[in-house]
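For reference, the structure is listed below as structure tokens.
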Amino acid sequence: MSLTPSSQPVMPKLKRYTMETLLRRGVRLDGRRLGDVRSIEIVPGYVERAEGSALVRLGETVVLAGVKTDIVAPFPDTPNEGVLVVHAEFVPLASPTFEPGPPDENAIELARVIDRSLREIRAVALDKLVLEPGKHVWRLYVDIYVLNHDGNLFDASALAAMAALLSARIPAAVRTEDGGYRVDRSRYTMLVPVNHRVVTVTQAKISDRLLVDPTYEEEQVADTRLVVAVSEDGRIAGMQKTGAGYLGYEEVVKAVDTALRVAPVYFEALRRYVDPFREKLARQLEEQPRAPAEAEPAAVAAQRRVEEEPVEEPVVEQLEEMEEGERG
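Be aware that the sequence shown starts at 2, since it is given in our numbering, and climbs by one per residue.
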């Protein structure tokens, strides 16, 4: 069932006044400075039955992301690429303001921001998820579940999605009698091919201040928010403004500069928590014997053939050996 947030509660005037007073001094209610991120914890492989998963705790905000796969026909305009789908759900127990119902603009916006961030930077090598060009490709579902909402769902969800993809494996594809494929989840062929890592950095504007990683209370006071997607090599992968407030040109430039400065904190968390898990999965795949009936993505199979083909001696060396044989 899809779940959506209901109308937001009104922030008590006294708390808002206290918050704005502290911000003028460069201090926040939880003691952080304006550019500080809350504590981060990532648990990769949290859901055993998923192809990949990760639980992220960003302060008190908790988000779970999972990756599942199936085999489908590619889109007509991208016959040589796999398919990536991102979906988000708000679980009722995550916040008193969440209630059952069809996805509203908040859930849809969250999924689309994460989806665009991954696509714009080509985070996943979709061209390596092709079994037969134009006929059969892998489809990756990235499902995001908000389990506890204490602000900044964008950054927590982006971290969870990226960590889930980094911890995900592609199962075996076995040929069927009708010329198609079936998924064999008892075996895995490779890790999800990740080209680039991308995170988002969210900043909330309260009065004339920009706050990194806003809490739920700060978001209720904020005039507007700006979400900036950043790749690990420092490229801007997208931006999304939410709320009715105004951001001037200089504020946007400042927010982008801040995002480039803060993003390495998130990338370091991925390296610390997820990279050892991904390396462990890679070793397990190397040690796993390959079944003869197992099908590989076309790009992987081509690379394997190149690596396994014997290297022919240079033509010059062959001619020299022939000349020596004639003289002998």
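Cβ atoms here follow ideal geometry from the backbone N, Cα and C, with glycine treated the same way.
* Asked: Does the distance from the CB of residue 274 to the CB of residue 43 come in under 8 Å?
  -> Within the sequence shown, the letter at position 273 stands for residue 274. Within the sequence shown, the letter at position 42 stands for residue 43. Judged by beta-carbon spacing, residue 43 lies within the 8 Å limit of residue 274, meaning their Cβ atoms are closer than that value.
* Would you verify that the beta carbon of residue 148 is, or is not, closer than 8 Å to some beta carbon of chain B? => Absent from the structure: chain B. Only one protein chain is present.
* Alpha-carbon to alpha-carbon, residue 161 and residue 261 -> Here residue 261 refers to the residue found at position 260 when the sequence shown is read from its first residue. Here residue 161 refers to the residue found at position 160 when the sequence shown is read from its first residue. Each residue's alpha carbon lies about 19 Å from the other.
* Asked: Can you name, in chain order, every residue of its own chain whose Cβ lies under 7 Å from the Cβ of residue 49, other than the five neighbours on each side?
  -> Mapped onto the sequence shown, residue 49 falls at position 48. Answer for residue 49: no residue qualifies.
* DSSP three-state call for residue 257: helix, strand or coil? -> As a working mapping, residue 257 is identified with position 256 in the sequence shown. Reduced to three states, the DSSP call for residue 257 is helix.
* To do: Between the Cα of residue 287 and those of 189, 219, 238, spot the shortest distance and give me the residue it belongs to.
  => Here residue 287 refers to the residue found at position 286 of the sequence shown. The shortest C-alpha separation from residue 287 is found at 189.
* If you drop the 5 nearest sequence neighbours on each side, which residues of the same chain put their C-beta closer than 8 Å to that of residue 259? -> Taking the sequence shown and counting its residues from 1, one reaches residue 259 at position 258. Excluding sequence neighbours, residue 259 sits near 36, 202, 204, 211, 213.
* Would you identify the three-state DSSP class for residue 190, choosing helix, strand or coil? => By 1-based counting over the sequence shown, the position of residue 190 is 189. It is a strand residue.
* If you draw a straight line from the alpha carbon of residue 194 to that of residue 209, how long is it in whole angstroms? -> As a working note, residue 194 is residue 193 in the sequence shown. As a working note, residue 209 is residue 208 in the sequence shown. Each residue's alpha carbon lies about 42 Å from the other.
* **Secondary structure, beta strand (DSSP E): runs of 3+ residues fully inside the stretch 130 to 184** => The qualifying runs are 131 to 133, 137 to 149, 170 to 176.
* To do: Check residue 77 in the structure and name its three-state DSSP category.
  => Taking the first residue of the sequence shown as position 1, residue 77 is located at position 76. In the structure shown, residue 77 adopts coil according to DSSP, grouped into three states.
* **First through last residue of the alpha helix (DSSP H) which encompasses residue 203** => Here residue 203 refers to the residue found at position 202 of the sequence shown. Careful: residue 203 lies outside any alpha helix (DSSP H), inside the beta strand (DSSP E) at 199 to 207.
* In this structure, does DSSP put residue 285 in helix, strand or coil? -> Counting from one through the sequence shown, the residue named residue 285 turns up at place 284. Helix at residue 285.
* Asked: Once you ignore the five residues that flank residue 17 on each side, which residues in its own chain have a CB closer than 7 Å to its CB?
  -> Position 16 of the sequence shown, counted from the first residue, corresponds to residue 17. So the list reads 222, once near-sequence residues are dropped.
* Please name the residue, chosen from 66, 119, 83, 265, that lies closest to residue 46 on a Cα-to-Cα basis. => Translated into the one-based positions of the sequence shown, residue 46 becomes position 45. Of the listed residues, the one whose Cα sits closest to residue 46 is 66.
* Asked: Is residue 228 closer than 8 Å to residue 147 when the C-beta atoms are compared?
  -> Counting from one through the sequence shown, the residue named residue 147 turns up at place 146. Counting from one through the sequence shown, the residue named residue 228 turns up at place 227. Taking the C-beta atoms as reference points, residue 228 is found no nearer than 8 Å to residue 147.
* Asked: According to DSSP, what are the bridge partners of residue 72?
  -> As a working mapping, residue 72 is identified with position 71 in the sequence shown. In the DSSP output, where bridge partners are listed per residue, residue 72 has 139.
* **Proximity of residue 140 and residue 70 at Cβ, strictly below 8 Å** => Residue 140 sits at position 139 when you count from the first residue of the sequence shown. Residue 70 sits at position 69 when you count from the first residue of the sequence shown. Yes; because the gap between Cβ atoms is below 8 Å, this pair is in contact.
* Helix, strand or coil for residue 40 per DSSP? -> Position 39 of the sequence shown, counted from the first residue, corresponds to residue 40. Here DSSP, grouped into helix, strand and coil, assigns residue 40 to coil.
* Asked: Could you check where the alpha helix (DSSP H) with residue 119 kicks off and where it finishes?
  -> Taking the first residue of the sequence shown as 1, we reach residue 119 at position 118. Segment 106 to 121, the alpha helix (DSSP H) holding residue 119.
* Cβ-based burial, residue 129 [other Cβ within 10 Å; buried from 16] -> For the purposes of this step, residue 129 is taken as residue 128 along the sequence shown, with counting starting at 1. Burial is judged here by how many other beta carbons sit within 10 angstroms of a residue's own beta carbon; residue 129 has at least 16 and is buried.
* Asked: Would DSSP call residue 226 helix, strand or coil?
  -> Taking the sequence shown and counting its residues from 1, one reaches residue 226 at position 225. Strand at residue 226.
* **Contacting residues, own chain, Cβ-Cβ under 7 Å from residue 127 (five flanking each side not counted)** => Locating residue 127 in the sequence shown gives position 126, counting from the first residue. Excluding positions up to five away in sequence, the list reads 82, 83, 85.
* Tell me whether residue 76 is buried or exposed, calling it buried when 16 or more other Cβ atoms sit within 10 Å of its Cβ. => In the sequence shown, residue 76 corresponds to position 75, counting from 1. It counts as exposed.
* Asked: When you compare each of 256, 270, 240, 79 to residue 121 by their alpha carbons, which one comes out closest?
  -> Indexing the sequence shown from 1 puts residue 121 at position 120. Relative to residue 121, the option among 256, 270, 240, 79 whose CA is nearest is 240.
* So the beta strand (DSSP E) residue 127 belongs to, where does it begin and stop? -> For the purposes of this step, residue 127 is taken as the residue at position 126 of the sequence shown. Unbroken run through residue 127: none, as it is neither H nor E.
* Is it right to say residue 125 is buried, meaning 16 or more other beta carbons lie within 10 angstroms of its own, or is it exposed? -> By one-based count along the sequence shown, residue 125 stands at place 124. Label assigned to residue 125: buried.
* Asked: If we call anything under 8 Å between Cβ atoms a contact, is residue 87 one with residue 115?
  -> In the sequence shown, residue 87 corresponds to position 86, counting from 1. In the sequence shown, residue 115 corresponds to position 114, counting from 1. Residue 115 sits close to residue 87, with the two beta carbons spaced by under 8 Å.
* Asked: Would the beta-carbon of residue 199 fall within 8 Å of that of residue 143?
  -> For the purposes of this step, residue 199 is taken as residue 198 along the sequence shown, with counting starting at 1. For the purposes of this step, residue 143 is taken as residue 142 along the sequence shown, with counting starting at 1. No, the Cβ-Cβ distance between residue 199 and residue 143 is not below 8 Å.
* Can you tell me which of 277, 123, 145, 219 puts its alpha carbon nearest to the alpha carbon of residue 33? => Looking up residue 33 in the sequence shown gives position 32. That would be 219, whose Cα lies nearest to the Cα of residue 33.
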